[in-house]
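Asks:
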Amino acid sequence: MSLFKRAVFSEITSHAGIVFSTLLVVWLSVLIVRLLGEAANGDIGANVVLGLAAFSSITALPVILSVSLFVAVLTTITRSYRESEMSVWFASGLSLGQWLRPVMRFALPVAAVVAVLTLSASPWAYGQIAEYRQRFEQRSDLSKVSAGQFIETDDGRRVFFAESPTRPDDELGRVVARIIEPDWLSVITAESAAIRAETNGDRFLVLGPGHRYDLKPGSPEMRMLDFDRYGVRIESRTDPGALEAKRQQALQQIKARPTLALIASGDPESMSQLMWRLSLPLAVLNLALIALPLGAVNPRLGRSGDLLIAGLLALLYMNLINLSRGWIANGTLSFGVGLWLVHAAFLALGLGLMWRRIRMPRPRRRKVPAA
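For what it's worth, the working numbering labels the leading residue of the sequence shown as 642, then goes sequentially.
(1) Return the Cβ separation of Arg874 and Asp843 in integer angstroms, given the expectation that the two are a contact with Cβ distance under 8 Å.
(2) Distance, Cα to Cα, Ser781 vs Ala713?
(3) Taking the alpha carbon of Arg647 as the reference point, which residue from Trp740, Ala989 and Phe845 has its own alpha carbon closest?
(4) Can you tell me whether Val666 is buried or exposed? The criterion is at least 16 other CB atoms within 10 Å of its CB, across all chains shown.
(5) Quick one: is Val816 buried, meaning 16 or more other Cβ sit within 10 Å of its Cβ, or exposed?
(6) Shortest alpha-carbon distance to Val744 belongs to which of Ile931, Leu954 and Lys896?
(7) For a test of the three-state rule: what should DSSP assign to Ile821, helix, strand or coil?
(8) Is the segment 695-713 touching the segment 758-775, taking contact as three or more C-beta pairs under 8 Å?
(9) Would you grab the beta carbon distance between Leu903 and Leu915 for me? Rounded to a whole angstrom, and I think it's under 8 Å.
(10) Note down, in chain order, each residue of its chain lying with its Cβ closer than 8 Å to the Cβ of Val1009, except the 5 sequence neighbours on either side.
(11) Inspect the beta-carbon positions of Ile639 and Ala694 and report whether they are closer than 7 Å.
(12) Please name the residue or residues paired with Ile792 in a DSSP beta bridge.
(13) In the segment 701-774, which residue ranges form an unbroken alpha helix (DSSP H) of at least 4 residues, counting only runs that do not cross its ends?
(14) Can you tell me which residues form a DSSP beta bridge with Tyr871?
(15) What residues in its chain sit with their C-beta under 6 Å from that of Ala951, if we drop five residues either side in the sequence?
(16) Is Arg864 helix, strand or coil when you go by DSSP?
(17) Can you give me the C-alpha to C-alpha distance between Gly882 and Arg774, rounded to a whole angstrom?
(18) Roughly how many angstroms lie between the CA atoms of Val800 and Leu669, to the nearest whole one?
(19) Compare the Cα-Cα distances from Met995 to each of Leu982, Ala929 and Leu953 and report the closest residue.
(20) In the structure shown, what three-state DSSP assignment does Ile829 receive?
(21) Alpha carbon to alpha carbon, how far is Ala766 from Ile836? Give it in angstroms, no decimals.
(22) Could you give the first and the last residue of the continuous alpha helix (DSSP H) run that contains Ile904?
(23) Among Val660, Ser911, Val671 and Ala831, which residue has its Cα nearest to the Cα of Thr807?
(24) Where do the ends of the alpha helix (DSSP H) carrying Asn927 lie?
(25) Report the CB separation of Asp796 from Trp825 in whole angstroms; it is logged as a contact under 8 Å.
(26) Quick check: what's the CA-CA separation for Gly993 versus Ala924?
(27) With distances taken from CA atoms, which of Leu710, Val649 and Val983 is nearest Ala657?
(28) My assumption, with CB atoms under 8 Å, is that Leu926 sits in contact with Ala748. Please give the rounded CB distance.
(29) Tell me the residue span of the alpha helix (DSSP H) that contains Leu988.
(30) Using only the alpha-carbon positions, how far apart do Trp968 and Glu679 sit?
(31) His852: buried (16+ other C-beta within 10 angstroms of its C-beta) or exposed?
(32) Keeping to the same chain, check which residues put their C-beta closer than 6 Å to that of Ile895; ignore five residues upstream and five downstream.
(33) Considering only the alpha carbon of each residue, which of Glu822, Ser827, Gly849 and Ser662 lies closest to Ala834?
(34) Since I believe Arg746 is in contact with Phe650 (beta carbons under 8 Å), could you give me their beta-carbon distance rounded to a whole number of angstroms?
(35) State the DSSP-derived secondary structure class of Arg808, mapped to helix, strand or coil.
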């Protein structure tokens, strides 16, 4: 038995390492592509891409570890059935229940690591991500791009081009702006530019001494204006995009809140986030239990259908946890019921499938009568 447990533990560890590394590489590839796209659009700085990728990977580790364990246990037990090792196991008078101890010996440390990540490391990582993004948002819009680049606002109706500053007090040097209005096409030139924020959150591009030329398309009418200071609004906090960004920022702040602060707060949003953090370690143990009976396949038949059912069941499990979190945030479900209902249901399902596999009758040898 000790030799068997060591072999099972070693095989699950090997499979889990392969699945974990594969999922992590895929996650990082998709994440870095998305972050590079945001950097190209000017939403984040290019110098923080690697930092954001590292912190975002920490937040994704609990789910990646849970899926890796589930797939590792599932593939290990499936391989044993496919290569008829389980037939030898059953012929020795042992049952599928004997697999519980070595599987849980691997699942318990993984659940402990996931608990540390969800309760401590992930909130810290979310806080670092929010700090990076907030620090970048607080910077001047013009400082997000280098001099010599075009800046577009208002869906391209306002385009600015700036040179490097010649005086240390200026944010940018000479500026050329093109503004499209319903009746006029305006071209503005200025010696310098700076960003000013109003109390309501709107941001204005304040141009220094310069000139403005207004042209009416299709008409010879033209206006010229000299100014000492000229302000152009480049961002409004009441825009739908700004409101959505504010909502996302509030969500990030809840995710970054320490676990003890969530408990002390007690509001539905905090309780829903606390439920998610406590659910993932429990999901690790349930997924490891469910993988045992789901991995029992007939070696003479194809295994695609069984693996598909197992994957759909695990996906349903995680979606129900996420759905319960939303119900707790909306006040539809209490914290206690939302925390234990889904896990209790899938624990009962796992135990029921195990009992069915253990109690399933096996074909007996028929004695051939002597001639």
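Where is the CB? At the ideal position from N, CA and C, for every residue including glycine.
Computed from a prediction, not measured in an experiment: that's the story for all the values here.
Replies: The structure says:
(1) Indeed they touch by this definition, with Cβ atoms about 6 Å apart.
(2) Reliability fails at Ser781, whose pLDDT of 48 lies under 50, so the model's placement of it is uncertain and no value is given.
(3) Selected option, being the one with the closest Cα: Trp740.
(4) By the 10 Å Cβ count, Val666 comes out exposed.
(5) Counting the other CB atoms within 10 Å of its CB gives Val816 a total of 16 or more, which places it among the buried residues.
(6) When only C-alpha atoms are compared, the closest one is Ile931.
(7) Residue state for Ile821 is assigned as strand, using DSSP reduced to three classes.
(8) Yes, since at least three Cβ pairs between the segment 695-713 and the segment 758-775 fall closer than 8 Å, the two stretches touch.
(9) Right, the Cβ-Cβ distance comes to about 5 Å (below 8 Å), so this counts as a contact.
(10) Summary for Val1009: the model assigns pLDDT 48, below 50, so the residue's position carries little reliability, and this model does not support an answer.
(11) A question about residue 639 goes unanswered here, because the residues of the chain that appear run from 642 up to 1012.
(12) Under DSSP, Ile792 takes part in a beta bridge, and its partners are Phe801.
(13) DSSP runs (the alpha helix (DSSP H)) wholly in the segment 701-774: 726-732 and 741-757.
(14) Answer is Leu848.
(15) Sequence-distant Cβ neighbours of Ala951 in its own chain, meaning closer than 6 Å and more than five residues away, are Leu715 and Leu935.
(16) Assignment of Arg864 by DSSP, reduced to helix, strand and coil, places it in the strand class.
(17) Because Gly882 sits at a pLDDT of 48, beneath the cut-off of 50, its placement in the model cannot be relied upon, and the point is left open.
(18) Leu669 has its alpha-carbon roughly 34 Å from the corresponding atom of Val800.
(19) Taking only the C-alpha atoms, the option nearest Met995 is Ala929.
(20) DSSP places Ile829 in strand when its eight states are reduced to three.
(21) About 31 Å.
(22) Following the DSSP letters along the chain, one finds Ile904 inside the alpha helix (DSSP H) bounded by residues Thr900 to Ser906.
(23) With respect to the C-alpha of Thr807, the residue from Val660, Ser911, Val671 and Ala831 having the closest C-alpha is Ala831.
(24) Element bounds for Asn927: Pro909 to Leu935.
(25) The distance from the Cβ of Asp796 to that of Trp825 is about 17 Å, inconsistent with a contact at the 8 Å cut-off.
(26) Distance between the alpha carbons of Gly993 and Ala924: 17 Å.
(27) Of the listed residues, the one whose Cα sits closest to Ala657 is Leu710.
(28) The pair is a contact, with the Cβ atoms about 6 Å apart (cut-off 8 Å).
(29) In the DSSP assignment, Leu988 falls within the alpha helix (DSSP H) that extends over Phe976 to Arg1000.
(30) Trp968 and Glu679 have their C-alpha atoms roughly 32 Å apart.
(31) Counting C-beta atoms within 10 angstroms of its own C-beta, His852 has fewer than 16 neighbours from the protein chains shown and is therefore classed as exposed.
(32) If we look at Ile895 and ignore the five residues flanking it on each side, its Cβ neighbours are Glu910 and Gln914.
(33) Shortest Cα-Cα distance from Ala834 to any of Glu822, Ser827, Gly849 and Ser662 involves Gly849.
(34) The Cβ separation is near 6 Å, so the contact holds.
(35) In the three-state DSSP reduction, Arg808 falls in the coil class, being neither helix nor strand.
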